[in-house]
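Participant: Let me begin by handing over the structure; questions about it come next.
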Amino acid sequence: MNKKFMSLALAGMLMLTLASCGQKTGDSGQAGNPKIGVTIYKYDDNFMSFVRRAIETNAQGKAELILNDSQNSQATQNEQVDMMISKGVKALAINLVDPQAAPSIIEKAKTKNLPIIFFNKEPNAEVLKSYEKCWYVGTESKEAGIIQGKMIADLWKKNPNWDKNKDGKIQYVLLKGEPGHPDAEARTKYAVEEIKNAGIEVEQLELQTGMWDTVKGKELMDAWLSKHGDKIEFVIANNDAMALGAIQSLKAAGYFTNGKFMPVVGVDAIPDAIQQIKDGLMVGTVLNDAKNQGKATLELALNAAQGKDPIEGTQWKLDENKAVRVPYIAITKDNLNVAEEAYK
Amino acid sequence: MINTKNIKETLMNNAIYVVLVALLVIIVIMSPDFLSIVNFRNILTQASTRIIIALGVAGLLITQGTDLSAGRQVGLAAVVSASLLQAPNYAYRMYPNLKQLNIFIPILLVMIICGIFGMLNGIVISKLHVTPFIATLGMMIIVYGVNSIYFDRPPYGAQPIGGLDPKFMKFAQGSFNIGGFIIPYLVIYAAIVTLIMWFIWNKTKLGKNMYAIGGNPEAAAVSGVNVAKNLIILYTIAGILYGFAGSLEAARVGTATNNTGNMYELDAIAACVVGGVSFSGGIGTISGVVIGVIIFQVINYGLAFIGVSVYLQYIIKGLIIISAVAIDTRKYIKKK
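From first to last, the protein sequence lines stand for chains A and B.
Counting in my numbering, the first sequence runs from 198 upward without gaps.
Counting in my numbering, the second sequence runs from 552 upward without gaps.
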């Protein structure tokens, strides 16, 4: 009897859950606006959550969005694309899980002649050319590295006391993103190259992958601090999440108090990082402009859905690879308002 | 009067189906265009690789075992088969000098590799008497490590393996068009695997032994069943199925990374349980497994189709799994 009751209760809960969420569907906007299918490679990615918000804000009153969390699985994403196509979307805005999967998505869109805007994860230029109705919105990977490198060089020249052993060289540790990720490779390469271009000698103490992740960034920094201690003069991170991890580790090791300091730079300018710069724990970051990436993605998708030229009536320009490049901006404590503005 | 009691009994025993049909009705009411051939085909196609994986795991569940390494084995198979089947004109090949292989060679190869890993699972469980949960948990981590080492190395490091041979992609993405009715190849592969497994479970000694071991391992051993040998064969078969599913997964998606297949085992186990395979062993049918996977996929697809928030989808799926087992346990206790 008890068991019976329990199973019935569970079944009841199930029904209630579904019934109660019936109204709150992921679709927004009124009927009549073009349906646009959007996938985000994973919802719990800090940066992409801001891009998603920008897409939603810009879509208000103009488009009906179908948003999907691809849960960091390309297989899931492919299935979501099938589903959205069968729901009759007029355009797809795809944040690929895996940049190499673009051909499979294009194949699916081709069957219904649907336009695709890939965003944030860039497919191969040849793949983009293979289908007339697809474009890309994103940044140029190497630009973030170049801007980060310039920023490091500027800050280093302005702060001679950061050269703890007075040998004129930067002894740095570098937290790299996911190996093979084009952003990670480019940021790593061009940041260091740009410091050298500015006439500063560098010495790499450590370079390891922190997989874009705060916890891994902290754990690596813990290990490096116990190995090198004060020999480290600069912490360069491929993104802010890892930089924040490094700061946690540095704090625990007694940095940022009693005059003990370590310059840390990241990329992305996520709100947490802006706060750390304000508090003087982080010296700089590079704004990956979520607001404008989301805006450009939606504007292109909306134009394409209506059969117009994708950049018609917008501020964006396409480069020779059918891509809109949203520029990066260097953020230090002198221009924090620029970054803060980006999240309003 | 007798009838009401019987009907009540039947409804209780099949409560999970009642709930699921109700869910389906809600989905259709909220979005009537859910009932379309395209959606039906999408669901079946998406269920195909999952059916193959689930059929592997199901046999192990029936022997009171389990297999947490299934997903990672799928990932290994996907990466290895993809790495050997990149298009010759693709610029970033893992083996730049490899000539174009017949697509069946790598597929067979990964079936053998995963078969060996499955066999190792079986040996550890039956000879070293490590509980299946722990044995396959260990194997899950090992396989991921092996896969990552294979995946992350020169010339291009940990690059997702893309640019697959169009023939290989077609093997999974293609379809027959019979008088305007499109049947995807994947559905046919799943059907063939289902037939083979049905034969093994129902018409061979191995199948009978499988149920006997699951019902009562001691009794099976006493009555002359070589438990160890049967277990090793069943785990090997499961591995072979993961290998096949993994190569299909790579071809279906168009790329593979060392993260492909992550957590697929949990989907498969959940689907088996929903389809009436008992976690306490001895009970389960092929049709149940296939229906379980399809039902799960209908819910997955349907909830996304009507636009239920992804976080609520997790809650609903969790509740489905728990209620399925609650009902399953009820049946089991009754049998005793």
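Every residue gets a Cβ at the ideal spot worked out from N, C-alpha and C, and that includes glycine.
None of these values were measured; they are calculated from a predicted model.
1) Which class does Y328(A) belong to by DSSP, given the choice of helix, strand or coil?
2) Identify, in the order they occur along the chain, each residue of the same chain with its Cβ nearer than 6 angstroms to the Cβ of I467(A), setting aside the five sequence neighbours on each side.
3) Give the interface partners of Q170(A) over in chain B, defined as CB-CB distance under 7 angstroms, in chain order.
4) Do K530(A) and I474(A) count as a contact pair if the criterion is CB distance below 8 angstroms?
5) Touching or not, the region 609–616 of chain B and the region 822–839 of chain B, by the rule of three or more beta carbon pairs under 8 angstroms?
6) Quick one: which chain A residues come within Cβ less than 7 angstroms of Q597(B)?
7) Taking only beta carbons into account, state which residues of the region 816–844 of chain B come closer than 7 angstroms to chain A, listed in chain order.
8) Using the beta-carbon of each residue, which ones in chain B are nearer than 8 angstroms to K284(A)?
9) Would you please state the rounded distance, in angstroms, between the beta carbons of I263(A) and G234(A)? I believe it to be under 8 angstroms.
10) Taking only runs of the beta strand (DSSP E) that begin and end inside the region 402–465 of chain A, which ones reach a length of at least 3 residues, in chain order?
11) Name the chain A residues whose beta carbon is nearer than 8 angstroms to that of Y852(B)?
12) Would you tell me roughly how many angstroms separate the C-alpha atoms of T411(A) and M418(A), rounded to the nearest one?
13) Just to confirm the assignment: which complete alpha helix (DSSP H) runs, minimum length 4, are found wholly within the region 744–768 of chain B?
14) Over what stretch of residues does the beta strand (DSSP E) that includes G839(B) continue unbroken?
15) My output table needs one value for G223(A): the three-state DSSP class, helix, strand or coil.
16) At the level of alpha carbons, what is the spacing between A434(A) and V576(B)?
17) Going by DSSP, what residue range makes up the beta strand (DSSP E) through P735(B)?
18) Quick check on the DSSP output: the beta strand (DSSP E) that includes A140(A) runs from which residue to which?
19) Compare the C-beta of N590(B) against all C-beta atoms of chain A and say whether one is closer than 8 angstroms.
20) Taking Cβ-Cβ distances shorter than 7 angstroms, what residues in chain A pair up with S587(B)?
21) Looking at chain B, is there any beta carbon in it that lies within less than 8 angstroms of the beta carbon of D380(A)?
22) Compare the C-beta of P657(B) with all C-beta atoms of chain A and state if any pair is closer than 8 angstroms.
23) How about V828(B) and G812(B): do their beta carbons lie closer than 8 angstroms?
24) Does at least one heavy atom of the ligand NAP sit under 7 angstroms from the Cβ of I733(B)?
25) Roughly how many whole angstroms lie between the Cα atoms of R623(B) and M691(B)?
26) So the candidates are A742(B), V738(B), Q710(B), K718(B); which of them puts its Cα closest to the Cα of P379(A)?
27) Starting from the Cα of A605(B), find the closest Cα among I857(B), G843(B), Y852(B) and give me that residue.
28) Taking Q503(A) as part of the alpha helix (DSSP H), name the residues at either end of that continuous run.
29) Can you tell which of G456(A), Y328(A), A290(A), Y525(A) has the C-alpha that lies nearest to the C-alpha of L478(A)?
30) Counting beta carbon pairs with one atom in the region 639–654 of chain B and one in the region 777–797 of chain B, are three or more of them shorter than 8 angstroms?
31) Using 10 angstroms around the beta-carbon of K393(A), count the other beta-carbons present and answer buried if the total reaches 16, otherwise exposed.
32) In angstroms, rounded to a whole number, what distance separates the CA positions of V138(A) and F795(B)?
33) Report the residue from N767(B), I846(B), I658(B), I867(B) whose alpha carbon sits nearest the alpha carbon of K718(B).
34) In the DSSP assignment, what residue or residues form a beta bridge with D266(A)?
35) Using a Cβ-Cβ distance cut-off of 8 angstroms, determine whether Q227(A) contacts chain B.
36) Using the C-alpha atoms, what's the distance from K330(A) back to F727(B)?
Facilitator: In brief:
1) Three-state result, Y328(A): coil.
2) Listed in chain order, the non-local C-beta contacts of I467(A) below 6 angstroms within the same chain comprise N243, D437, local neighbours out to five positions each way being set aside.
3) An answer regarding residue 170(A) cannot be provided, because it is not within the stretch 198 to 541 covered by chain A.
4) Yes, Cβ-Cβ distance for I474(A) and K530(A) is below 8 angstroms.
5) Result yes; three or more Cβ-Cβ pairs closer than 8 angstroms.
6) Chain order gives the chain A residues near Q597(B) as E276, where near means a beta carbon separation below 7 angstroms.
7) Cβ contacts with chain A come from no residue of the region 816–844 of chain B.
8) Contacts between K284(A) and chain B, judged by CB atoms closer than 8 angstroms, involve D584, F856 in chain order.
9) Between G234(A) and I263(A) the Cβ distance is about 5 angstroms, and since that is below 8 angstroms, they are a contact.
10) Whole beta strand (DSSP E) segments, 3+ residues: 431–434.
11) Counting only Cβ-Cβ distances below 8 angstroms, Y852(B) has contacts in chain A at E276, M280, in chain order.
12) If you draw a straight line from the Cα of T411(A) to the Cα of M418(A), it comes to about 11 angstroms.
13) Taking only runs of at least 4 residues, the alpha helix (DSSP H) segments lying wholly in the region 744–768 of chain B are 756–766.
14) No beta strand (DSSP E) contains G839(B), which is instead part of the alpha helix (DSSP H) from 837–856.
15) Interpretation of G223(A) is limited by its pLDDT of 42, a score under 50 that renders its predicted location unreliable; the figure taken from the coordinates is listed afterwards. Judged by DSSP in its simplified three-state form, G223(A) adopts coil rather than helix or strand.
16) Spanning the two alpha carbons is a distance of roughly 51 angstroms.
17) DSSP places P735(B) inside the beta strand (DSSP E), whose first and last residues are 732–735.
18) Any question about residue 140(A) goes unanswered here, given that chain A covers just 198 to 541.
19) At least one chain A Cβ lies under 8 angstroms of N590(B).
20) Contact annotation for S587(B) against chain A: S283 [CB-CB distance below 7 angstroms, chain order].
21) Answer no: the Cβ-Cβ gap between D380(A) and chain B never drops below 8 angstroms.
22) Judged by the 8 angstroms Cβ criterion, P657(B) is not in contact with chain A.
23) The Cβ atoms of V828(B) and G812(B) lie no closer than 8 angstroms to each other.
24) The ligand NAP is not part of this structure, which contains no ligands at all.
25) For R623(B) and M691(B), the distance between alpha carbons rounds to 6 angstroms.
26) Per the Cα distances, Q710(B).
27) Of I857(B), G843(B), Y852(B), the residue nearest in Cα terms is G843(B).
28) Premise fails: Q503(A) is in no alpha helix (DSSP H) and is neither H nor E.
29) The shortest Cα separation from L478(A) among G456(A), Y328(A), A290(A), Y525(A) belongs to G456(A).
30) As far as the Cβ criterion goes, the region 777–797 of chain B does not touch the region 639–654 of chain B, which means the pair count is below three.
31) Using a 10 angstroms sphere on the CB of K393(A), the tally of other CB atoms stays under 16, which defines it as exposed.
32) The question about residue 138(A) has no answer, for chain A in this structure spans 198 to 541.
33) Of N767(B), I846(B), I658(B), I867(B), the residue nearest in Cα terms is I658(B).
34) Beta-bridge pairing links D266(A) to I237(A).
35) With a pLDDT of 47 at Q227(A), under the threshold of 50, the modelled position of this residue cannot be trusted; read the value that follows with caution. Q227(A) does not count as touching chain B.
36) Their Cα atoms are separated by approximately 27 angstroms.
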